Amino acid sequence: MMNVRLPSMRSLQTLIAVAQTGSFSEAAKVLHVSQSTVSKQIQQLEEGIGQPLFERHAGGVRLNRVGEPYLTMISASVNDIANATAQARQQSARHESVSLLVPPSFASLWLIPQLPAFKSQHPDISVVVSATDYVPQGKESELDILIRCQPHQQAGAQGACLIYEHLSLVASVTLLPEPLDRTALLSEVPVLSHLTRPSLWEQFWQQFGLADSNPQYGAGFEHFFMALEGVKQGMGMALIPTFMASAALSNDQIVNPLGLSIDSGYGYYLYSARYKQRSPAVMHVINWLCDALKADVARHPISKSV
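Okay, so the sequence shown: first residue is 563 according to the working numbering, each after it adds one.
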């Protein structure tokens with residue numbers, strides 16, 4: 563293989579563009595080069611192979627019996643090389659990278675808005691975030707940090723609780739009845755169901771002596787970030803982790819109309835292998851997560867029963 567004269571990446575990319583567009587002129591537009599450059603690249607490629615790869619027809623060009631299988635064999639490799647090169651360039655442009663896998667709502671409602679502050683403190687550390695509630699098989703060993711939302715009794719011995727999950731009752735101001743009282747609120751404003759945690763509302767009713775209430779159940783959502791958006795759109799009330807709703811509450815986009823919240827019995831637990839924590843970058847991220855969440859709780863104390 564070392565003695566085989568390989569074509570240039572530019573000529574292979576040109577081949578793909580011409581095959582996809584069926585035209586030298588259209589390929590030139592896609593590649594932002596002149597049509598003569600496209601023709602030259604294809605000519606050099608065909609000379610190197612020793613075979614023509616295209617045949618002309620009334621509407622343009624198409625691959626011939628040599629070109630079709632050749633394109634099939636090289637397409638995946640060209641894509642792999644492009645991706646590997648882009649990844650290598652990104653790696654070279656930064657000093658260290660720390661990978662996190664976190665729940666989707668944790669990512670969208672809390673982590674991503676906080677990342678600029680982390681970057682300002684640690685400009686040489688790049689945080690790579692994946693979001694899912696389920697850890698893919700075998701993925702654990704590839705991750706630097708894993709955060710899972712779990713019942714306290716199910717948390718593993720290696721997990722460190724970052725924050726207990728307190729859920730606040732939130733609603734859009736536009737939906738609040740006047741005068742505001744508990745009975746009117748619960749009878750007139752729909753509640754948004756949590757599809758993956760269907761017992762949350764029952765827990766809420768029981769804690770505040772509202773088991774006999776007859777609420778209207780509105781739309782259901784899989785994730786907290788979906789339910790919060792539903793609240794903002796005036797679809798009803800929801801139970802949202804207080805630290806995730808804090809920004810919207812501070813901006814008066816939503817309110818906790820009765821000042822009620824409950825301890826769900828869940829927490830957000832951090833897992834990181836000991837050998838991963840030997841990396842200063844990983845420890846910087848872990849320490850920042852702990853400090854930022856503590857500061858958030860201090861700024862937004864948990865509401866109590868009224």
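Where is the CB? At the ideal position from N, CA and C, for every residue including glycine.
Quick caveat: nothing in here was measured; it's all calculated off a predicted structure.
Where residue i falls: helix, strand or coil (DSSP)
| i | result |
| --- | --- |
| residue 759 | coil |
| residue 840 | helix |
| residue 727 | strand |
| residue 710 | strand |
| residue 802 | strand |
| residue 770 | coil |
| residue 593 | helix |
| residue 570 | coil |
| residue 812 | helix |
| residue 753 | strand |
| residue 855 | helix |
| residue 720 | coil |
| residue 587 | helix |
| residue 577 | helix |
| residue 835 | coil |
| residue 747 | helix |
| residue 671 | helix |
| residue 697 | coil |
| residue 849 | helix |
| residue 740 | coil |
| residue 860 | helix |
| residue 582 | helix |
Extent of the continuous alpha helix (DSSP H) to which residue i belongs
| i | result |
| --- | --- |
| residue 676 | 674-683 |
CB-CB length for residue i against residue j, believed under 8 Å
| i | j | result |
| --- | --- | --- |
| residue 718 | residue 832 | Actually they do not touch by this definition, with Cβ atoms about 11 Å apart. |
| residue 792 | residue 757 | Rounded, the Cβ-Cβ distance is 12 Å, inconsistent with contact. |
| residue 711 | residue 828 | 6 Å |
| residue 762 | residue 729 | 7 Å |
| residue 697 | residue 661 | Going by Cβ atoms, the distance from residue 697 to residue 661 rounds to 13 Å, so no, they are not a contact pair. |
| residue 595 | residue 580 | 12 Å between Cβ atoms; not a contact. |
| residue 603 | residue 627 | Residue 603 to residue 627, Cβ: 21 Å. No contact. |
| residue 731 | residue 818 | 6 Å |
Endpoints, beta strand (DSSP E) assigned at residue i
| i | result |
| --- | --- |
| residue 787 | Run containing residue 787: none in the beta strand (DSSP E); it sits in the alpha helix (DSSP H), 786-794. |
| residue 781 | 779-783 |
DSSP bridge partner residues for residue i (one or two, in chain order)
| i | result |
| --- | --- |
| residue 687 | 658 |
| residue 825 | 728 |
| residue 733 | 817 |
| residue 830 | 711 and 725 |
| residue 692 | 663 |
The ligand SAM heavy atom lying under 7 Å from the CB of residue i
| i | result |
| --- | --- |
| residue 745 | The ligand SAM is absent from the structure shown, which contains no ligands of any kind. |
- Item | Every unbroken beta strand (DSSP E) within the region 595-664, with a cutoff of 3 residues, ordered by chain | You should have 616-619, 622-625 and 658-664.
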